[in-house]
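Below is one structure, written out as structure tokens; comments come after it.
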Amino acid sequence: MNERRSCCEPGPGSPVSREDVRDFYSKAAVTVQKSLCCPATYDKTDLSHIPQEALNISYGCGSPVNRADIREGEVVADLGSGGGIDCFIAAKYVGRTGRVYGIDMTEEMLAAARKNAALVGDNLGYHNVEFRHGFLETIPLEDQSVDLAISNCVINLSPQKVDVFKEIRRILKPGGRFLIADIVSDKPVPVEMRNNRELWGECVSGALTMDEFLDVARESDFRGLTAVKDYLWKEVEGIKFYSYLLQGHKFVEPEGTCCCKKLWASYVGPFDSVTCAGKTFPLGVPVEVNEEVAALLRSQPYAASFDITDPETEAPAESSSCCG
Ligand SMILES: C[S@@+](CC[C@H](N)C(=O)[O-])C[C@H]1O[C@@H](n2cnc3c(N)ncnc32)[C@H](O)[C@@H]1O
20 MNERRSCCEP GPGSPVSRED VRDFYSKAAV TVQKSLCCPA TYDKTDLSHI PQEALNISYG
80 CGSPVNRADI REGEVVADLG SGGGIDCFIA AKYVGRTGRV YGIDMTEEML AAARKNAALV
140 GDNLGYHNVE FRHGFLETIP LEDQSVDLAI SNCVINLSPQ KVDVFKEIRR ILKPGGRFLI
200 ADIVSDKPVP VEMRNNRELW GECVSGALTM DEFLDVARES DFRGLTAVKD YLWKEVEGIK
260 FYSYLLQGHK FVEPEGTCCC KKLWASYVGP FDSVTCAGKT FPLGVPVEVN EEVAALLRSQ
320 PYAASFDITD PETEAPAESS SCCG
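Quick note on numbering: our numbering labels position 151 of the sequence shown as 170, and the sequence is numbered without any gaps.
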């Protein structure tokens, strides 16, 4: 284990394990645990087709689904789906042509979720949700099969967060995105606290700082990372724990991208300048970029912020493949 990984994991020789977390949530699936509930607000109209039992065992810390700009026909994976609330909301958004996979390691959670999936399907008039047993560190889904990965208050619970982000990248299609509600701390959590099983299970001591989160996401080459603070959840031993909504995109360079063709990229605002791909783009000033950077700036979430032109014609540049 290298030094950087240790920021995200229990300390060396820590007693905290995935089995501890599973035991915690197998109890929470059958007996509602009030202390585990962070305030997560959902739009009532998103919940009308969901049985009360699924709502009662919802232990998220935000509502990633209704902010994910989900489109009909998309494939969504909910990582650590618990009682299934976010899967059931996503099922409505993706419609009958879309598909939703809920992944969880706790059998009791899966049993409740599967039972309610049948009722949700009857209420919607189609059945498009499937719950699979599995781990975030080895997600039981095909490579490049998912448009959107969501997760609600789960990644903090993983003792191997680097592996989780690698897996998210693997299952996402090129151009796919993740939207995660999770707990972020304002200071690194000390080792003694990381080793506390109760606090880890309660979504406290496995939390990352924002810098740690960005490091882990960048290690898996996610781009266009955004973080929106939702609310202060708890303060424990002088450390503040916030609920955040975190987003990132999987960029895959189009095949045949030319590294020698020069294009111009003009940043259209709203800031005075931005830095991206190692270059600074002052507002409205064309900056020379190669096709590789142009392809990145044409992708989400950058596309609306840049105009790409061909300096030879000064016309909007088509994406090209000129290396042949
Ligand atoms: C805090 S609950 C959140 C459940 C759900 N996302 C919600 O909003 O209600 C965490 C869930 O993640 C699952 N979980 C935690 N760590 C996991 C891992 N490494 N792999 C798979 N599931 C995991 C637990 O079994 C539990 O159901």
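For glycine and all other residues, C-beta sits at the position ideal for the given N, C-alpha and C.
Owing to the predicted nature of the structure, the values given are computational and were not obtained by experimental measurement.
Cβ-Cβ distance between residue i and residue j below 7 Å
i, j, result
"ALA246", "TYR263", "yes"
"GLU155", "LEU98", "First, the amino acid is wrong: residue 155 is Leu here, not Glu. Yes."
"PRO83", "LEU198", "yes"
"GLU149", "GLY117", "no"
"GLY267", "ASN171", "no"
"ILE174", "LYS206", "no"
"ILE89", "TYR112", "yes"
"ALA200", "GLY81", "yes"
"ALA296", "LEU315", "yes"
"ASP291", "LEU302", "yes"
"ILE158", "GLU126", "no"
"ASN85", "ASP65", "yes"
"GLU272", "GLU311", "yes"
Extent of the continuous beta strand (DSSP E) to which residue i belongs
i, result
"GLY194", "191-204"
"PHE300", "298-301"
"ALA168", "165-171"
"TYR112", "It is not in any beta strand (DSSP E) - TYR112 instead sits in the alpha helix (DSSP H) that spans 104-113."
Residue range of the unbroken alpha helix (DSSP H) whose run includes residue i
i, result
"ASN142", "126-143"
"LEU66", "63-66"
"GLY79", "It is not in any alpha helix (DSSP H) - GLY79 carries neither H nor E in the DSSP assignment."
"ASP326", "It is not in any alpha helix (DSSP H) - ASP326 instead sits in the beta strand (DSSP E) that spans 325-329."
"GLY74", "This sequence places Leu at residue 74; Gly is not what is there. Per DSSP, LEU74 belongs to the alpha helix (DSSP H) from 71-75."
"LEU176", "Run containing LEU176: none; DSSP gives neither H nor E here."
"LYS46", "37-49"
"ARG216", "216-220"
"GLU211", "210-213"
Expected contact under 8 Å - CB spacing of residue i and residue j to nearest Å
i, j, result
"ILE190", "TRP252", "About 28 Å; that fails the 8 Å criterion."
"ALA226", "PHE260", "6 Å"
"SER324", "VAL287", "6 Å"
Beta-ladder partner(s) of residue i, from DSSP
i, result
"TYR120", "ALA96 and GLU149"
"ASN309", "LYS281"
"THR157", "PHE154"
"PRO335", "THR328"
* Counting only runs of 4+ residues fully inside the segment 224-295, write out the alpha helix (DSSP H) ranges in chain order. => 229-238
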